[in-house]
Amino acid sequence: MNNNDRINLIHRISELEGLTDRERSALLGLLRESKAYGLVWEDKPEAVEERMQEELPVLQEVPERALISDSKDAPSHILIEGDNLEALTTLAYTHAGRIDVIYIDPPYNTGNKDFVYNDSFVDREDTYRHSKWLSFMSRRLKIAKQLLSDKGVIFISIDDNEAANLRNLCDAPELFSENNFLGEIVWETATDNNPTQISTVHEFVLCYAKNRNNLEKWSVTSDKAAIIKAKYEEIVNSGITDVKEIRRKLKAWIKENKKSNECDLSGVSHYDYVDEKGVFYPGNSANTKPGGYTFDIIHPTTGKVCNKPANGYRWPERTFWDAAERGDVLWGEDEKSIPKIKKRIETATELLKSCYYEDGRAATAALTDILGEKKFNNPKPLRLISKLINFSSSKTSTILDFFAGSGTTLHATMQLNAEDGGHRQCILVTNNENGICENVTYERNKRVIRGYTTPKGEQVAGLTGNTLRYYKTDFVDRSRSVQNMRRLVNLSTDMLCIKEDLYAEQPTFCGERTFKNIFRYFDNGQKQMLVIYREEAIDRLVELIYGMDVTDKIKIYVFSPSEDPWEDSFEDVSDKVELCALPAAIYNAYRRILPKKKDAAATPEEDAAATHKVENPVNGMLNFTDEEDEV
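The opening residue of the sequence shown carries number 980 in my numbering; numbering runs sequentially from there.
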């Protein structure tokens, strides 16, 4: 019986009539005892999870740390300071199904004080060392899967301490499943100078897709080919015009540098042919197996039919003649040679490989250059993370790193955008243990955006076309009193801005002044959002909306004690608005994430205090006061 059949049978038994509670319990117990292949560990409670049984997390911006670009089109990146389980819960509302790439570098659980569980380091002598780590990772990866888009992928760095357990954990059907395993990247780090038996000089990056069937083949423009093209241009710019001389020099340079550590050209060294249009190599025309295309090609000089490959051509006739019209056919001296289509270096691509060399010490030195002093050990290499993002993302992807560390993922995202004109957005999450979020993650990327001077006095220009916003986690009591519901809605505005990627708050709406705790209005010239905290304002706002010319619907988030976003009240402008009831939408998103809890009922006193009525609008104007604004 597969897992789906078992789940369906459990539901049927639960609903079956005529069974006593004891009989039903016995049947379900037998069904659940059936053996299955998989990873088993003892789940260990986590303090942050227990806290969320009583409180709901929200995000609050720290506006004085915002770095706002002068460019209106700048991507808005997010840095969240707080426990990543809390932050992931909030992202389950703002970004469910919207993250395209996740990269994380979780604690490796080496036993050397690198993994903290419930405020205590987990050492090698801890009997539940692996169970604690698996519990910790499982909770976070389950949410991560919900955040991924249909074409989303996750990269997870790890070493030998937990690599096997992580693979088994991710292979489970309730996580990513082994069918969605894309591969394992091994990257060589600095040499271990204190080995016991074997010097460990590598780490792993595991890669899983949410659904590998939705992925297209990964390939990007080859960096190595770009190096060859740059050398070709250097030779041409030196004044050499003879094609044969250009090729001779280029070919000699490629041969000399083919296996250079500085300029490894393996895989593209065959791009050493040159014509008037640039660099190319002659692609193989022959089909590898019988059944290729057969047609006559007339040699342009001899006027005779060229020799054909034994199995026919590998491309159709139209492809050949299109190439011929572009001047992209390499002809032999006569018809005895098989013509070949030129593969231009501009079209050369590379695939993501399973093995890379990156010097971890160089990454530490590079970070020290940015920060001016050594504040963080063993950051991930910028080039490695850039490569992962480049292969797996589009120019408009959203990238998430919820073990942000030194902030390499955001740095890589911004640098990649600068190189290819992309508009990728990045979300980082890290706690502030030992000041890491403020003094390393934030400070690094602030300097990358604004520019910095290295300890040697070298000036590095900033990636100024980026906006970075800083948030902290906050909490609201989980009991569903009207008072707590209103507080949750009031504190969720920053989350709504993140969700809509809309931060341009306006002081008025259709000439009416906004009030901080009555309603707020956001408009960036492309989309509009109203957040209504007091339902007494609805009628007047509907009047204002009725007189508006609206191209795209206004997104309206409105407080409601139920799941009804006051649809009847907005009936006359239903074609101009898109309604969402709060906090019901947040509760519904969190319900799939948070540990189970029976919400405490509100006391009559709490509800009475929270249902304070504001007077009706006077003379068609909103009759709110500054005092009510400050409630």
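C-beta: ideal position from N, C-alpha, C; glycine also.
> What does DSSP give as the partner residues of Trp-1166 in its beta bridges?
Replying inline: Answer is Glu-1182 and Tyr-1335, bridged to Trp-1166.
> If Gly-1090 sits next to Arg-1077, beta carbons under 8 Å apart, how far is it from one beta carbon to the other, in whole angstroms?
Replying inline: Wrong, their Cβ atoms sit about 37 Å apart, outside the cutoff.
> Going by C-alpha distance, which of Pro-1574, Leu-1379 and Ile-1511 is nearest Phe-1549?
Replying inline: Ile-1511
>> Would you call the stretch 1365 to 1373 in contact with the stretch 1451 to 1470, where contact means no fewer than 3 C-beta pairs closer than 8 Å?
In response: no
> Tell me which same chain residues have a C-beta within less than 7 Å of the C-beta of Val-1027, skipping the five on either side of it?
Replying inline: Asp-1062, Leu-1064 and Glu-1065
>> If the criterion is Cβ atoms closer than 7 Å, does the pair Asp-1079 and Gly-1131 meet it?
In response: Taking 7 Å as the Cβ cut-off, Asp-1079 and Gly-1131 qualify as a contacting pair.
> Touch check for the stretch 1307 to 1316 and the stretch 1134 to 1148: three-plus C-beta pairs under 8 Å?
Replying inline: Cβ pair count under 8 Å is below three, so no.
> Near Arg-1191, which residues of its chain fall below 6 Å by C-beta distance, leaving aside the five closest residues on each side in sequence?
Replying inline: Asn-1159
> Considering only C-alpha positions, which residue in the set Asp-1338, Tyr-1500 and Lys-1366 is nearest to Pro-1358?
Replying inline: Comparing Cα positions, the closest option is Asp-1338.
> What do you reckon, are the CB atoms on Asp-1098 and Gly-1384 nearer than 7 Å?
Replying inline: If you check the CB distance, Asp-1098 and Gly-1384 do not come in under 7 Å.
> Tyr-1292 bridges to which residues according to DSSP?
Replying inline: Ala-1265 and Tyr-1272
> What residue does the beta strand (DSSP E) around Met-1508 start on, and which one ends it?
Replying inline: Its beta strand (DSSP E) spans residues 1507 to 1511.
>> Applying the 10 Å Cβ sphere with the 16-neighbour rule, what's the burial state of His-1390?
In response: buried
> By a C-beta neighbour count over all protein chains shown, 10 Å radius and 16 as the cutoff for buried, is His-1402 buried or exposed?
Replying inline: By the 10 Å Cβ count, His-1402 comes out exposed.
>> Once the 5 residues before and after Ser-1117 are set aside, which same chain residues still bring their CB inside 7 Å of it?
In response: Leu-1148
>> Tell me the rounded alpha-carbon separation between Asp-1254 and Lys-1322.
In response: 12 Å
> Cβ of Asp-1551 within 7 Å of Cβ of Tyr-1525?
Replying inline: yes
>> Taking the straight line between their C-alpha atoms, what separation do you get for Asn-1410 and Ser-1178?
In response: 32 Å
> Considering only residues of the same chain and omitting the five flanking positions on each side of Arg-1499, which have a CB-CB separation below 6 Å?
Replying inline: If we look at Arg-1499 and ignore the five residues flanking it on each side, its Cβ neighbours are Thr-1493 and Val-1510.
>> Among Ser-1553, Val-1461 and Leu-1346, whose alpha-carbon lies nearest the alpha-carbon of Arg-1423?
In response: Leu-1346
> When DSSP labels each residue in this structure, what does Ala-1151 get in the three-state scheme?
Replying inline: coil
> Since Thr-924 sits in a beta bridge, which residues does DSSP pair it with?
Replying inline: Because the chain spans 980 through 1610 in this model, residue 924 falls outside it and cannot be assessed.
> Grouping DSSP H, G and I as helix and E and B as strand, with all else coil, what is Phe-1094?
Replying inline: Note: Phe-1094 maps to coil in three-state DSSP.
>> Only counting the same chain, and skipping five residues up and downstream in sequence, which positions put a Cβ closer than 6 Å to that of Leu-1006?
In response: So the qualifying residues of the chain are Ile-992.
>> Among the candidates Ala-1564, Arg-1226, Thr-1267 and Gln-1404, whose CA atom is the shortest distance from the CA of Tyr-1260?
In response: Arg-1226
> DSSP beta-bridge partners for Phe-1538?
Replying inline: Leu-1561
> Any idea which residues DSSP pairs Asn-1458 with across the strands?
Replying inline: Going by the sequence as given, residue 1458 is Ser instead of Asn. Ser-1458 is not bridged to any residue.
>> Quick check: what's the CA-CA separation for Tyr-1536 versus Glu-1060?
In response: 26 Å
> Comparing alpha-carbon positions, which option in His-1181, Lys-1124, Ala-1169 and Ser-1128 lies nearest Leu-1154?
Replying inline: Lys-1124
>> For the beta strand (DSSP E) containing Lys-1322, name the first residue and the last one.
In response: 1319 to 1323
> Exposed or buried, Ala-1587, counting other C-beta atoms within 10 Å across all chains shown (16 or more means buried)?
Replying inline: Its pLDDT being 48, under 50, Ala-1587 is placed unreliably by the model, and nothing is read from it.
> DSSP on Glu-1515, reduced to helix/strand/coil?
Replying inline: helix
> Given a threshold of 16 other Cβ atoms within 10 Å of its Cβ, counted over all protein chains shown, does Arg-1119 qualify as buried or as exposed?
Replying inline: buried
> What three-state label does DSSP hand Arg-1426 in the structure shown?
Replying inline: helix
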